[in-house]
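Notes follow once the structure below has been shown.
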Amino acid sequence: RLRMAVEQFVSKTLELLQEEREAEIEETRIWQENISLKDLQSKGVCLLKLQIGSQFTGLYGRTVIVLEPRKHLGFSTLPSNSFGPECVCVSTTVKTLYFLWD
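Shown next, in the form of structure tokens:
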């Protein structure tokens, strides 16, 4: 009986997390369509004009790519943003990298 309750809790939690992730992806899509990239960067939700600083293999063989500002543009640090180490890239374009919490 307890096992069934735990399984139901886990199942419902996974379902809710998936719904939340889908809502965040939809919100990002709407932002991309309606707000300029420069404004998104000023809000701290996207970073423009990055380059690959380094690349290595992380846990479980996953590729880790370290991004940094383009040096030829004169930036040595990233603009203020709300990204942390738990961010996962969900959509990339040539000039922009978008993140959602995982």
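Numbering follows full-length UniProt numbering, with no gaps: position 58 of the sequence shown is 58.
Built from N, CA and C at the ideal position, the CB exists for glycine as well.
Computed from a predicted model, the values in this text were never measured in an experiment.
- Cα atoms of K12 and K71: separation of roughly 46 Å, rounded to the nearest angstrom.
- For L17, the number of other beta carbons within 10 angstroms of its own is below 16, and it is reported as exposed.
- F9 has no beta-bridge partner at all, per DSSP.
- G58 has its alpha-carbon roughly 22 Å from the corresponding atom of P69.
- Using a Cβ distance threshold of 8 Å, L37 and I52 do not count as a contacting pair.
- The DSSP-derived three-state label of I52 is strand.
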